[in-house]
Each structure stands twice: as C-alpha cells, then as structure tokens.
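A.B. asks: Per UniProt numbering, the sequence shown starts with residue 3, numbered consecutively.
Built from N, CA and C at the ideal position, the CB exists for glycine as well.
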Amino acid sequence: KAKAILFDLDGVLTDTSEYHYRAWKQLADEEGIPLTREENDAHLRGVGRRDSLMYIIRGRNYSEDQIQDMMKRKNDYYNKLIEQMSPKEVVAGGRELLQEIRQAGLKSAVASASKNCRIVLERLQIIDLFDGIADGNSVVNGKPAPDIFVFAAGLVNTSVIDCIGVEDADAGVEAIKTAGMYALGVGPKERFKRADKVVPTMENVRLKDILADA
Ligand code: BG6
Ligand code: MG
3 KAKAILFDLD
13 GVLTDTSEYH
23 YRAWKQLADE
33 EGIPLTREEN
43 DAHLRGVGRR
53 DSLMYIIRGR
63 NYSEDQIQDM
73 MKRKNDYYNK
83 LIEQMSPKEV
93 VAGGRELLQE
103 IRQAGLKSAV
113 ASASKNCRIV
123 LERLQIIDLF
133 DGIADGNSVV
143 NGKPAPDIFV
153 FAAGLVNTSV
163 IDCIGVEDAD
173 AGVEAIKTAG
183 MYALGVGPKE
193 RFKRADKVVP
203 TMENVRLKDI
213 LADA
C-alpha cells in the first residue's frame with residue numbers, strides 16, 4: 003500500500019556520512035576539541051550543519067563570527083572530499099532500486115538535511131531518478147523534527163501514511179516516525195530506537211525487501 007519512498011541521502015544512497023565525519027573531525031582537531039566516531043554516530047549523523055557544530059562546541063565560548071567561520075571551514079573540507087565523487091559511489095544496486103521504484107509506479111523523493119544535496123546527486127548522476135528533492139534549504143527545523151519528511155511527501159503528492167522513509171541516522175528515524183511514516187533504518191540495529199525494520203546496509207536492497215512488511 004506504500005505509494006512513495008523517501009530517501010535520506012548521506013549514509014543511505016552513498017557513503018558521504020563518512021566524509022561529513024572526516025570534515026568535522028578535522029575541524030574539531032584544529033580547535034583542540036575531542037570527537038570520536040561513537041559520538042559522531044550518536045549525535046552528529048544526519049544532524050544539520052549548525053546543530054552538529056553546536057554539539058561539538060557545547061560548553062565552550064565562541065562568538066557568532068567564530069561559529070560562522072567554523073561552519074564554513076567544515077563545509078570547505080567536506081566539499082574537497084566530495085570533489086572527486088563519481089557515479090561509482092552510489093551504493094551497490096542503488097540505481098537499480100530507484101529504477102525499480104519508478105517501474106512499479108511508486109514515487110521517490112530525497113529528504114536530506116544537506117545543503118550540498120543537489121551537487122552530490124548530480125555527481126552520482128541519480129538526480130533525474132527522483133520525483134522530488136527536499137534538502138537543507140527546504141525547511142527550518144532539522145531532523146529529528148519531522149518537517150523535511152513531511153515536505154518531501156508533499157512534493158510527491160502523497161499522504162504521510164502512504165510513505166516509507168529510509169534513514170541511516172537515529173535522528174532521521176525519529177523524524178520519519180514523528181511524521182507518521184513507516185521507517186526503514188540502515189545500519190546496526192542498536193543505533194535505532196523506533197525503526198520499523200532495520201537492514202545493515204542499502205547494498206543490493208530491492209523494492210520487495212522494502213515493501214515486505216510495510
Ligand atoms: C546530513 C548529514 O545529510 O546533512 C549530516 O548526514 C550533515 O552529517 C547535514 O551535517 C547537513 O549537511 P550540509 O552539507 O548542509 O552541511
Ligand atoms: Mg544520513
């Protein structure tokens with residue numbers, strides 16, 4: 003009965019979540035602030051640029067100018083890392099899955115917190131496979147707020163009840179559940195509190211796997 007599938011981008015359709023982490027790590031190192039992979043997974047994965055920085059610098063005093071500068075530096079590091087991205091970096095079977103969704107007469111959309119979303123979709127050459135793109139410029143309240151998924155559902159004219167959301171971040175699964183959708187989590191089971199179903203990776207996930215008990 004699902005009519006649309008709404009995909010997070012970073013960490014779901016491609017491994018850019020690793021690049022986001024490396025860029026934050028470089029910034030944190032420069033600022034002498036400790037940041038671990040575990041903290042990244044628990045607090046930064048899927049979370050917007052400013053909210054991520056706020057977590058990293060929590061309890062420290064920085065001016066708004068310094069905050070702006072740090073966000074810019076992180077984004078510059080990230081942009082360097084994605085400069086060489088090519089269609090090869092779409093998760094294995096990802097392009098086939100998007101084509102399969104289209105052939106089945108379902109809608110697909112992206113629901114990403116990233117302002118770099120379109121450039122990544124272009125470099126991966128999958129931008130034309132989506133019926134709607136909601137990105138870091140679309141809504142004010144970031145994940146875990148439901149707004150981006152609700153907005154993406156609207157872009158493809160589908161009620162939230164008929165949407166499946168796909169996310170690698172706990173904040174993203176929270177957003178999907180709060181939006182009233184079925185949530186497919188991508189990653190280790192322990193990462194998610196409210197996912198309806200979890201797969202370890204999107205590699206070679208087919209439409210029938212997604213629809214199985216949705
Ligand atoms: C999400 C990423 O998709 O986008 C986060 O998972 C990132 O790591 C967020 O912070 C915002 O992205 P950007 O590219 O606008 O800084
Ligand atoms: Mg993600």
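1) Would you tell me roughly how many angstroms separate the C-alpha atoms of G13 and R120, rounded to the nearest one?
2) Please find out if some non-hydrogen atom of the ligand BG6 comes closer than 7 Å to the beta-carbon of Y80.
3) Evaluate the contact criterion for the stretch 181-197 versus the stretch 143-162: three or more CB pairs, one atom per stretch, below 8 Å.
4) Which parts of the stretch 114-158 are runs of the alpha helix (DSSP H), unbroken and 4 residues or longer, counting only runs that do not cross its ends?
5) Determine, using beta carbons only, whether G48 and N206 come nearer to each other than 8 Å.
6) The ligand MG heavy atoms versus the CB of S19: any closer than 7 Å?
7) Quick check: does the Cβ of D43 come within less than 7 Å of any heavy atom belonging to the ligand BG6?
8) Between which two residues does the alpha helix (DSSP H) harbouring E192 extend?
9) Report yes or no: do three or more beta-carbon pairs, one from the stretch 89-108 and one from the stretch 19-33, lie closer than 8 Å?
10) Roughly how many whole angstroms lie between the Cα atoms of I163 and W26?
11) Using CA coordinates, which residue listed in G50, I166, R51 and R208 is at the minimum distance from K109?
12) Would you call the CB atoms of A115 and K145 closer than 8 Å?
13) Would you please state the rounded distance, in angstroms, between the beta carbons of E176 and D10? I believe it to be under 8 Å.
14) Taking DSSP as the reference, what is the three-state secondary structure of D211?
15) Measure the C-alpha to C-alpha separation of A30 and I58 and round it to an integer number of angstroms.
16) First and last residue of the alpha helix (DSSP H) that includes G96?
17) For T16, name the three-state secondary structure that DSSP assigns.
18) Helix, strand or coil for S161? Go by DSSP, reduced to three states.
C.D. replies: The relevant details are as follows:
1) Within the sequence shown, numbered from 1, the residue matching residue 13 stands at position 11. Within the sequence shown, numbered from 1, the residue matching residue 120 stands at position 118. Cα to Cα, the separation comes out at about 15 Å.
2) Start at 1 with the first residue of the sequence shown, and residue 80 comes out as number 78. At least one heavy atom of the ligand BG6 lies less than 7 Å from the C-beta of Y80.
3) yes
4) With a minimum length of 4 residues, the continuous alpha helix (DSSP H) runs that stay inside the stretch 114-158 are 119-126 and 149-157.
5) For the purposes of this step, residue 48 is taken as the residue at position 46 of the sequence shown. For the purposes of this step, residue 206 is taken as the residue at position 204 of the sequence shown. No, the Cβ-Cβ distance between G48 and N206 is not below 8 Å.
6) Along the sequence shown, one-based indexing puts residue 19 at 17. Result yes, Cβ under 7 Å from the ligand MG.
7) Residue mapping note: residue 43 aligns to position 41 of the sequence shown, counting from 1. It does not: the Cβ of D43 is nowhere closer than 7 Å to a heavy atom of the ligand BG6.
8) Stepping through the sequence shown from its first residue, residue 192 is reached at position 190. Looking at the DSSP string, E192 is not in any alpha helix (DSSP H), and its letter there is neither H nor E.
9) no
10) Within the sequence shown, residue 163 is the residue found at index 161, counting from 1. Within the sequence shown, residue 26 is the residue found at index 24, counting from 1. Between the C-alpha atoms of I163 and W26 there is a straight-line separation of about 35 Å.
11) Counting from 1 along the sequence shown, the entry for residue 109 is found at position 107. Nearest option by C-alpha distance: I166.
12) Within the sequence shown, numbered from 1, the residue matching residue 115 stands at position 113. Within the sequence shown, numbered from 1, the residue matching residue 145 stands at position 143. Their beta carbons are under 8 Å apart, which means A115 touches K145 by this criterion.
13) Reading the sequence shown from its first residue, position 174 is the one you call residue 176. Reading the sequence shown from its first residue, position 8 is the one you call residue 10. A Cβ-Cβ distance of about 12 Å is found for the pair E176 and D10, leaving them out of contact under the 8 Å criterion.
14) Position 209 of the sequence shown holds residue 211. Here D211 carries a helix assignment [DSSP, helix/strand/coil].
15) Mapped onto the sequence shown, residue 30 falls at position 28. Mapped onto the sequence shown, residue 58 falls at position 56. Rounded to whole angstroms, A30 to I58 spans 7 Å at the Cα level.
16) Counted from its first residue, the sequence shown places residue 96 at position 94. G96 to Q105 is the extent of the alpha helix (DSSP H) around G96.
17) Your numbering for residue 16 matches position 14 in the sequence shown. Three-state DSSP puts T16 in a strand.
18) Taking the sequence shown and counting its residues from 1, the one referred to as residue 161 is at position 159. Coil, per DSSP.
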